[in-house]
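Numbering follows full-length UniProt numbering, in which position 60 of the sequence shown is assigned residue number 60; successive positions increment by one, without gaps. Ideal Cβ placement from N, Cα and C applies to all residues, glycine included. Predicted model, so just to flag it, every value in this text is computed and none were measured. Input: a single structure, listed below in structure tokens.
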Amino acid sequence: MPLRALLRYLLNNEQLIQKIAESYPIRRAAQLTAYFFQKGKEIGGEKLEQWKETDAVNRLQDELKHSSRIVQDQANKSIQKTNSFINSFAKNLSEEWKKAEKKLEEQKRIGKK
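Structural data, given as structure tokens:
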């Protein structure tokens, strides 16, 4: 209890507080505190920038992977359509060729009789 009263008296004594604030150890502690605060703020800002840059790089890599997948899918679809067209064309050409050959044979038979 007496300790609490003594501390209250000391903390409310403006002259004593002023003398303590002007002492070398307290001024030095304040300087070091301000220095470490500013240094920590600077390092934190740098780390934040690095994190943003790596996050941006990661986002670009993800976007690139996604875009390449889309392009590859479109290329595969295009190849499938082209192959389908070529197969259909070859099949239809073969059928029409056979029909034309049959017609010619029939015309030859009719012409020989």
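- Remark: C-beta atoms of LEU7 and LEU16 do not approach each other more closely than 7 angstroms.
- In the DSSP assignment, ASN13 falls outside any alpha helix (DSSP H), carrying neither H nor E.
- Taking C-alpha positions only, GLN18 is separated from PRO25 by approximately 13 angstroms.
- For SER23, the three-state secondary structure derived from DSSP is coil.
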